[in-house]
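So the protein lines, in turn, are chains U and P.
Here the first sequence stands for residues 15 to 302, where the numbers follow our numbering.
Here the second sequence stands for residues 15 to 302, where the numbers follow our numbering.
Virtual Cβ for every residue (Gly too), placed ideally from N, Cα, C.
Keep in mind it's a predicted model, so treat the numbers as computed, not measured.
Data block below; observations after.
There are 2 protein chains.
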Amino acid sequence: MNNKQKAKLEWCDEYHNGVRYGLEGKLILEESSSFQKIKIFESSRYGKALFLDDCWMTAEKSEKCYHECLIHPALCCSKQIKSILIIGGGDGGSARECLKYKEVISIDLVEIDQRVIELSKKYLPTIGGNAWSDSRLNLKIKNGIDWVKNKKDNSYNVIIIDGADPIGPSKELFSNSFLQDCKRILKPGGVLATQSESPESFQKLHINIVKVLREIFNYADPIYGSVPIYPSGLWSWTFASMEKIEYMNPQKNRVKEISKSCQIWSERWQQGAFNTIPAFIERELEKI
Amino acid sequence: MNNKQKAKLEWCDEYHNGVRYGLEGKLILEESSSFQKIKIFESSRYGKALFLDDCWMTAEKSEKCYHECLIHPALCCSKQIKSILIIGGGDGGSARECLKYKEVISIDLVEIDQRVIELSKKYLPTIGGNAWSDSRLNLKIKNGIDWVKNKKDNSYNVIIIDGADPIGPSKELFSNSFLQDCKRILKPGGVLATQSESPESFQKLHINIVKVLREIFNYADPIYGSVPIYPSGLWSWTFASMEKIEYMNPQKNRVKEISKSCQIWSERWQQGAFNTIPAFIERELEKI
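Quick look at the structure:
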């Protein structure tokens with residue numbers, strides 16, 4: 015930004031439960047799609063950012079701390095990773111991280127809102143990066159609920175659920191019936207990965223997501239990390255599977271393949287993140 | 015708060031580098047001490063909060079995520095914990111966590127600003143709790159730099175540095191000469207614990223603190239956790255010692271003594287937190 019642009023800066027805040035988190039910058043675009051209110055905001059701290067239904071979704075210079083944590087524990091540890099399904103993820107960041115693995119042959123990215131993809135490609139091109147032109151990526155502008163309902167058994171090695179909070183268009187992505195379908199279309203030895211909200215700002219939601227996943231799958235293990243632009247900054251992702259997954263011992267060849275490009279994730283970070291469960295959450299989960 | 019009070023709510027924000035973090039509530043008190051500007055703000059989300067020199071310091075309902083992380087890795091792992099020095103910590107939270115251990119015989123709490131103690135006792139009494147009336151606690155309204163300079167060799171089993179950012183009155187708490195004195199007055203097998211800023215919002219400061227500690231001590235290991243009211247929410251604490259400390263294997267009797275009262279900290283959490291170092295920080299620290 016030049017000085018003239020800086021003089022016109024404004025604040026854009028996400029409000030949540032008596033707390034606000036704001037970025038200073040400039041509103042680039044504001045519109046309503048068929049599904050949600052969309053803003054593109056150019057912030058001085060984190061570059062261009064996507065603001066959906068009054069919540070920060072992603073930003074050019076802070077997106078890795080979300081996408082790396084969602085993707086790599088699953089892709090470094092799932093038995094096979096040839097076929098991937100991403101539900102949501104219209105900014106392209108999850109696809110980009112998955113496509114770093116040579117073993118990945120095909121990704122179905124099922125995003126309900128075409129405008130999120132169009133605007134991400136135009137304003138946040140570094141987030142999707144080369145993913146948009148990678149022939150392994152199949153874009154589907156569809157409802158993810160219908161997609162998994164209509165899919166054959168044993169279709170994917172890994173399923174990534176990269177949606178917003180369980181209000182608005184993403185609500186059903188945390189429902190029992192949707193997750194049952196996910197289990198059905200997951201191949202043996204596979205992993206389902208989902209963002210699972212903040213144990214600080216959305217404590218009940220977080221506990222409920224882990225609980226529902228543990229009812230449906232044999233295993234569901236949360237990790238904890240930091241997404242500065244989300245409420246409280248403390249965030250979680252949960253990994254569910256029918257077979258026991260060796261998260262403390264990810265596949266060495268895959269770790270080697272991706273480590274250098276990661277900002278947050280490492281094998282060591284992953285080993286830590288499965289253990290930094292806040293004590294009060296651990297006590298709640300023991301009651302399940 | 016009743017409805018009449020809610021109608022008068024205002025926002026109080028900490029501004030940092032193009033980001034703002036605000037709490038909704040009511041200003042209770044505003045004054046300047048000899049050392050800093052002090053506000054007491056009653057927030058709807060985290061209860062009464064202390065705001066020093068325009069930065070959030072602590073709040074009734076979020077202080078445990080800071081104090082538990084600063085205190086317990088040191089006190090569960092130091093060889094002995096009979097004599098403790100706390101520099102800063104005028105809100106009383108660090109002293110309260112230390113006093114949970116029966117082995118602790120005496121704590122010198124050296125706070126430079128008497129008003130922080132007086133206002134914490136009056137407005138944030140739950141943070142200090144029973145510490146203020148515990149006969150093991152010796153309050154000293156003194157400059158911490160002078161205190162460690164004048165103290166005999168081998169005086170303390172554990173030293174806790176619980177200061178603000180290295181600007182204003184806390185600047186010298188990160189200096190080489192101060193930390194050299196800390197090393198000198200620490201008993202064999204002891205641990206120095208300090209808050210060490212955010213690897214996200216104060217990246218250079220964080221790296222520099224670990225670097226200085228590694229120059230002075232034989233070991234200096236950071237942990238990473240979450241303090242929602244601090245910039246970015248991602249925070250760190252670093253533990254320095256001359257002898258190798260078994261952080262992965264804390265003393266079981268002490269763990270048992272304190273676990274039930276902890277909100278965030280647990281033996282498992284600690285084992286994780288020494289490993290959740292962001293990859294880009296780990297690469298920077300390898301260059302030291």
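Is the Cβ-Cβ distance between residue i and residue j less than 8 Å?
i                      : j                      : result
residue 201 of chain P : residue 171 of chain P : yes
residue 89 of chain P  : residue 112 of chain P : yes
residue 258 of chain P : residue 238 of chain P : no
residue 91 of chain P  : residue 261 of chain P : yes
residue 242 of chain P : residue 246 of chain U : yes
residue 134 of chain P : residue 104 of chain P : yes
residue 199 of chain P : residue 169 of chain P : yes
residue 126 of chain U : residue 49 of chain U  : yes
residue 286 of chain P : residue 290 of chain U : yes
residue 32 of chain P  : residue 129 of chain U : no
residue 235 of chain U : residue 288 of chain U : yes
residue 75 of chain P  : residue 61 of chain P  : yes
With distances taken from CA atoms, which of the options is nearest residue i?
i                      : options                    : result
residue 117 of chain U : U:206, U:233, U:268        : U:268
residue 197 of chain U : U:85, U:124, U:226, U:288  : U:226
residue 115 of chain U : U:86, U:287, U:33          : U:86
residue 296 of chain U : P:160, P:299, P:273        : P:273
residue 256 of chain P : P:80, P:264, P:228         : P:228
residue 100 of chain U : U:298, U:190, U:189, U:177 : U:177
residue 132 of chain P : P:70, P:185, P:47          : P:47
residue 123 of chain P : P:156, P:75, P:93          : P:156
residue 160 of chain U : U:73, U:195, U:81          : U:195
residue 70 of chain U  : U:191, U:38, U:292         : U:38
residue 292 of chain U : P:26, P:82, P:22           : P:82
residue 264 of chain P : P:22, P:94, P:79, P:151    : P:94
residue 30 of chain U  : U:79, U:179, U:72, U:22    : U:179
residue 275 of chain P : P:34, P:26, P:79, P:22     : P:79
Thinking residue i and residue j are a contact (beta carbons under 8 Å), I'd like their distance in whole angstroms, please.
i                      : j                      : result
residue 77 of chain P  : residue 36 of chain P  : Actually they are not in contact, since the Cβ atoms of residue 77 of chain P and residue 36 of chain P sit about 18 Å apart, beyond 8 Å.
residue 63 of chain U  : residue 110 of chain U : That belief does not hold up - the Cβ atoms of residue 63 of chain U and residue 110 of chain U are roughly 17 Å apart, past 8 Å.
residue 68 of chain U  : residue 24 of chain U  : That pair is no contact at about 15 Å.
residue 230 of chain U : residue 187 of chain U : In fact, because the Cβ distance is near 14 Å, the residues do not count as touching under 8 Å.
residue 283 of chain U : residue 84 of chain U  : Between residue 84 of chain U and residue 283 of chain U the Cβ distance is about 13 Å, and since that is not below 8 Å, they are no contact.
residue 143 of chain U : residue 102 of chain U : 18 Å between Cβ atoms; not a contact.
residue 210 of chain P : residue 223 of chain P : 4 Å
residue 96 of chain P  : residue 119 of chain P : 5 Å
residue 98 of chain U  : residue 175 of chain U : Incorrect: roughly 12 Å between the Cβ atoms, too far for contact.
residue 248 of chain U : residue 214 of chain U : 5 Å
Say the cut is 7 Å; is the CB of residue i nearer than that to a heavy atom of the ligand SAM?
i                      : result
residue 201 of chain P : The ligand SAM is absent from the structure shown, which contains no ligands of any kind.
Within 8 Å of any Cβ in chain A, is that where the Cβ of residue i sits?
i                      : result
residue 285 of chain P : Protein chains U and P are contained in the structure displayed, whereas chain A is not.
message: I'd like the ranges of any beta strand (DSSP E) spanning at least 3 consecutive residues and lying wholly in the region 18-80 of chain P.
response: DSSP runs (the beta strand (DSSP E)) wholly in the region 18-80 of chain P: 24-30, 33-46, 51-57, 61-66, 69-73.
- request: For the region 158-170 of chain U and the region 50-58 of chain U, state whether three or more C-beta atom pairs, one from each stretch, are separated by less than 8 Å.
  value: Result no; under three Cβ-Cβ pairs closer than 8 Å.
message: Contact between the region 205-225 of chain P and the region 39-51 of chain P is defined here as three or more beta-carbon pairs at a separation below 8 Å; is this criterion met?
response: These segments do not touch.
- prompt: Taking one C-beta from the region 278-285 of chain U and one from the region 189-208 of chain U each time, how about it: are there three or more such pairs within less than 8 Å?
  reply: Taking 8 Å as the limit for Cβ pairs, the verdict is that the region 189-208 of chain U does not touch the region 278-285 of chain U.
task: Any chance you could list the alpha helix (DSSP H) runs of at least 4 consecutive residues sitting entirely within the region 197-281 of chain P, in chain order?
output: Segments of the alpha helix (DSSP H) lying fully in the region 197-281 of chain P: 217-230, 266-273.
message: Quick check on the DSSP output: what are the complete beta strand (DSSP E) runs of length 3 or more inside the region 146-177 of chain P, in order along the chain?
response: Listed in chain order, the complete beta strand (DSSP E) runs (minimum 3 residues) inside the region 146-177 of chain P are 151-155, 170-176.
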